[in-house]
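S.K.: Have a look at this one before I ask anything.
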Amino acid sequence: MHFNTRCIHGPGPAPDHTGAISAPIYQTATFAHPGVGRSTGFDYTRCVNPTRCALEETLASLESGAAALAFTSGMSAIATVAELFSPGDHLVVSADVYGGTHRLFADVSAKNGLRFTRAGSADQIAAAIEPSTVAVFVETPTNPMMQVVDIDAVARATHAAGALLIVDNTFLTPFFQRPLELGADIVVHSATKYLAGHNDTLAGVVVVSDAALAERIGSLRSTLGGPLAPFDSWLVLRGLKTLACRMERQTDSAARLADWLAAHPAVTQVYYPGLASPADLAISQRQASGHGAMISFRVVDQARAHRVLASVRVIQFAESLGGAESLITYPLTQTHAEVPEAQRRELGIDATLLRLSVGLEDPRDLIADLASALAPPSDSLPAADAAVPR
Ligand SMILES: Cc1ncc(COP(=O)(O)O)c(C=O)c1O
Numbered sequence: 061m062h063f064n065t066r067c068i069h070g071p072g073p074a075p076d077h078t079g080a081i082s083a084p085i086y087q088t089a090t091f092a093h094p095g096v097g098r099s100t101g102f103d104y105t106r107c108v109n110p111t112r113c114a115l116e117e118t119l120a121s122l123e124s125g126a127a128a129l130a131f132t133s134g135m136s137a138i139a140t141v142a143e144l145f146s147p148g149d150h151l152v153v154s155a156d157v158y159g160g161t162h163r164l165f166a167d168v169s170a171k172n173g174l175r176f177t178r179a180g181s182a183d184q185i186a187a188a189i190e191p192s193t194v195a196v197f198v199e200t201p202t203n204p205m206m207q208v209v210d211i212d213a214v215a216r217a218t219h220a221a222g223a224l225l226i227v228d229n230t231f232l233t234p235f236f237q238r239p240l241e242l243g244a245d246i247v248v249h250s251a252t253k254y255l256a257g258h259n260d261t262l263a264g265v266v267v268v269s270d271a272a273l274a275e276r277i278g279s280l281r282s283t284l285g286g287p288l289a290p291f292d293s294w295l296v297l298r299g300l301k302t303l304a305c306r307m308e309r310q311t312d313s314a315a316r317l318a319d320w321l322a323a324h325p326a327v328t329q330v331y332y333p334g335l336a337s338p339a340d341l342a343i344s345q346r347q348a349s350g351h352g353a354m355i356s357f358r359v360v361d362q363a364r365a366h367r368v369l370a371s372v373r374v375i376q377f378a379e380s381l382g383g384a385e386s387l388i389t390y391p392l393t394q395t396h397a398e399v400p401e402a403q404r405r406e407l408g409i410d411a412t413l414l415r416l417s418v419g420l421e422d423p424r425d426l427i428a429d430l431a432s433a434l435a436p437p438s439d440s441l442p443a444a445d446a447a448v449p450r
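Just so we're aligned, residue 61 is where the sequence shown starts under the working numbering, counting upward by one.
Structural data, given as structure tokens:
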């Protein structure tokens, strides 16, 4: 079946004797045993639950994986994958990653003896690989600078060293980009974002190309205790049914907004894969069938950035992304606050940078909202210094 159909039905029709169209929510912590040494296949929800299984089968199918595992959050998913590695192991990580991933690696994994090197392009990643490298972790496009990383090139360099390639596919989702088909071994998601799609559920996902690796990660998940609850699994399943049309619509709107922002006099730079350099655009078009709905942009100065955050009305000033509601984020104090200042400066995450997640509202209303928020201050409006983020 085609991708859009599998978003709705999963890999096949659900075997439910009642004929229920929507997957049942098995809101139970435990399952009765038919006898000693016998099991229905379901014993305890921390290990396995039928609603979560339905979600995982759909996710494995959409990401072209051997198996998928659903977690309580994206961070729980990434932290559990990090437990595959041992003290002394070395990982190469995208220089520009979500701040929470940076904090996990810098504060927790490093304390557990893992070593990390940050690198940007595929060439820099290949050069950073050393004999003790066990994994490469990349986001593409990166958060928040929207840099495109060549998954195929990184996969070749990673596998030549006998290491695993892990790709955070949160921004594009399998609708646009399927890293396992491009050579990655593990895909992670904050399913809180586009997969669930409604800014109402926290969830994470791991999808792997190899069943034995899935078993290892599944065993770590049961041990560490991070599997997604049945009701939240159902919410993500419900979100997935509209993934294809949401991604199409949000991306169409984002392309319009990116062009509009690029022409605005108060905007000094727009970071959007569709507006990338010819070389990055070529990589993006080769590995993804769309540019997604995340845009970062820079405004003339800090006062204007604060003013935008205080003035938007349709777009909400909030962390997160990927839902029906458009959100604007200030990476400096929100998503990337935990990245050390020197690294932030090197990446360009400063007081003038804003990140926009384009939602499902009519793009004309989003443009009108940004037009009034970006307007230069006038006497009738609050002074820029008073425009403190809400
Ligand atoms: C790219 C990316 N990966 C991972 C995460 C972490 O996911 P969660 O917030 O669901 O724990 C986020 C959260 O913003 C993210 O943007």
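From the three backbone atoms N, C-alpha and C, an ideal C-beta is built for every residue, glycine too.
Any idea what DSSP makes of residue 118, helix, strand or coil?
M.R.: Note: residue 118 maps to helix in three-state DSSP.
S.K.: Out of 261, 257, 132, which has the shortest C-alpha to C-alpha gap to residue 310?
M.R.: Per the Cα distances, 257.
S.K.: Are residue 132 and residue 300 touching if we call contact CB-CB under 8 Å?
M.R.: Their beta carbons are not under 8 Å apart, which means residue 132 does not touch residue 300 by this criterion.
S.K.: I'd like to know whether the C-beta atoms of residue 366 and residue 434 end up nearer to each other than 8 Å.
M.R.: No, they are not a contact pair.
S.K.: From the DSSP secondary-structure annotation, give me the bridge partner or partners of residue 390.
M.R.: Note: residue 390 sits in no beta bridge, so no partner.
S.K.: In the DSSP assignment, find the alpha helix (DSSP H) that holds residue 216 and state where it starts and stops.
M.R.: Start and end: 211–220.
S.K.: Specify, as a first and last residue, the run of the beta strand (DSSP E) that residue 356 falls within.
M.R.: Unbroken beta strand (DSSP E) run through residue 356: 354–359.
S.K.: Beta-carbon within less than 7 Å of residue 190's beta-carbon, same chain only, minus the 5 sequence neighbours each way: which residues are those?
M.R.: Counting only Cβ-Cβ distances below 7 Å, and skipping sequence neighbours, we find 150.
S.K.: Please indicate yes or no: does the CB of residue 257 lie closer than 7 Å to some heavy atom of ligand 1?
M.R.: For ligand 1, not one heavy atom lies less than 7 Å from the Cβ of residue 257.
S.K.: Would you say the beta carbon of residue 158 comes nearer than 7 Å to a heavy atom of ligand 1?
M.R.: For ligand 1, at least one heavy atom lies less than 7 Å from the Cβ of residue 158.
S.K.: Less than 8 Å separating the beta-carbons of residue 267 and residue 119?
M.R.: Cβ distance < 8 Å, so residue 267 and residue 119 count as in contact.
S.K.: Measuring CB to CB, does residue 246 end up less than 8 Å from residue 152?
M.R.: Cβ atoms of residue 246 and residue 152: not closer than 8 Å.
S.K.: Taking its Cβ as the centre, do 16 or more other Cβ atoms sit within 10 Å of residue 450, making it buried, or is it exposed?
M.R.: Caution applies to residue 450, whose pLDDT of 36 falls short of 50 and renders its modelled position unreliable; the model cannot decide the point.
S.K.: Can you tell me where the alpha helix (DSSP H) with residue 306 in it begins and where it stops?
M.R.: Taken as a continuous stretch (DSSP letters only), the alpha helix (DSSP H) holding residue 306 covers 303–322.
S.K.: Please name the residue or residues paired with residue 287 in a DSSP beta bridge.
M.R.: Answer is 131, bridged to residue 287.
S.K.: Between which residues of its own chain and residue 444 is the CB-CB distance below 6 Å, once the five residues before and five after are set aside?
M.R.: Residue placement at residue 444 is poorly supported in this model, since its pLDDT is 46, which falls under 50; the coordinates still yield a value, given next. For residue 444, where only same-chain residues beyond five positions count, the Cβ hits under 6 Å are 363, 367, 437.
S.K.: Excluding sequence positions up to five away, which residues of its chain have a Cβ less than 7 Å from the Cβ of residue 233?
M.R.: 254, 255, 303, 307.
S.K.: Determine contact between the region 374–384 and the region 218–225, defined as no fewer than three beta-carbon pairs at a distance below 8 Å.
M.R.: No, the region 374–384 is not in contact with the region 218–225.
S.K.: Note down, one range per segment and in chain order, each alpha helix (DSSP H) of at least 4 residues found wholly within the region 237–276.
M.R.: Counting whole runs of 4 or more residues, the region 237–276 contains no alpha helix (DSSP H) stretch at all.
S.K.: Straight-line CA distance for residue 105 to residue 137?
M.R.: For residue 105 and residue 137, the distance between alpha carbons rounds to 17 Å.
S.K.: Can you list the beta strand (DSSP E) stretches of 3 or more residues lying completely in the region 145–213, in chain order?
M.R.: List check, beta strand (DSSP E) in window: 150–154, 175–179, 193–199.
S.K.: By Cβ distance below 8 Å, which residues in the same chain neighbour residue 448 in space, the five residues on each side in sequence not counted?
M.R.: Legend: pLDDT at residue 448 = 40, less than 50; position of this residue unreliable, value from coordinates given subsequently. 366, 370, listed in sequence order.
S.K.: Check each candidate in 231, 202, 205, 244 and name the one with the smallest Cα separation from residue 212.
M.R.: Comparing Cα-Cα distances from residue 212 to each of 231, 202, 205, 244, the minimum goes to 244.
S.K.: Measure the beta-carbon distance from residue 322 to residue 334 and round it to whole angstroms, keeping in mind my assumption that it falls under 8 Å.
M.R.: At roughly 10 Å, the Cβ-Cβ gap does not stay under 8 Å, so residue 322 and residue 334 are not in contact.
S.K.: With DSSP as the reference, identify every bridge partner of residue 375, one or two as the case may be.
M.R.: None, per the DSSP bridge assignment.
S.K.: Per DSSP, what are the beta-bridge partners of residue 228 in this structure?
M.R.: In DSSP, residue 228 forms a bridge with 199, 248.
S.K.: Roughly how many whole angstroms lie between the Cα atoms of residue 242 and residue 347?
M.R.: The alpha-carbon atoms of residue 242 and residue 347 are separated by roughly 8 Å.
S.K.: How big is the Cα-Cα spacing for residue 390 and residue 416?
M.R.: Whole-angstrom Cα-Cα distance: 9 Å.
S.K.: Between residue 123 and ligand 1, is there a pair consisting of the residue's CB and a ligand heavy atom that are separated by less than 7 Å?
M.R.: Because no heavy atom of ligand 1 lies under 7 Å away, the Cβ of residue 123 does not count as near it: no.
S.K.: My output table needs one value for residue 443: the three-state DSSP class, helix, strand or coil.
M.R.: Only weak support exists for where residue 443 lies, its pLDDT of 47 falling under 50; the value from the coordinates is given anyway. Here residue 443 sits in coil by DSSP.
S.K.: Only counting the same chain, and skipping five residues up and downstream in sequence, which positions put a Cβ closer than 6 Å to that of residue 124?
M.R.: So the qualifying residues of the chain are 238, 240, 241.
S.K.: Which residue or residues does DSSP assign as beta-bridge partners of residue 141?
M.R.: Paired residues: none, contrary to the question.
S.K.: For residue 361, which residues of its own chain have a beta-carbon under 7 Å away from its beta-carbon, when the five flanking residues on both sides are left out?
M.R.: Excluding residues within five positions, the ones whose Cβ falls inside 7 Å are 412.
S.K.: Going by the C-beta, is residue 167 closer than 7 Å to any heavy atom of ligand 1?
M.R.: Residue 167: no, Cβ never under 7 Å from ligand 1.
S.K.: Use the C-beta contact count for residue 146: other C-beta atoms within 10 angstroms, 16 or more gives buried, fewer gives exposed.
M.R.: Exposed is the call here.
S.K.: I'd like the span of the alpha helix (DSSP H) that includes residue 424, first residue to last.
M.R.: Note, residue 424: alpha helix (DSSP H), 423–434.
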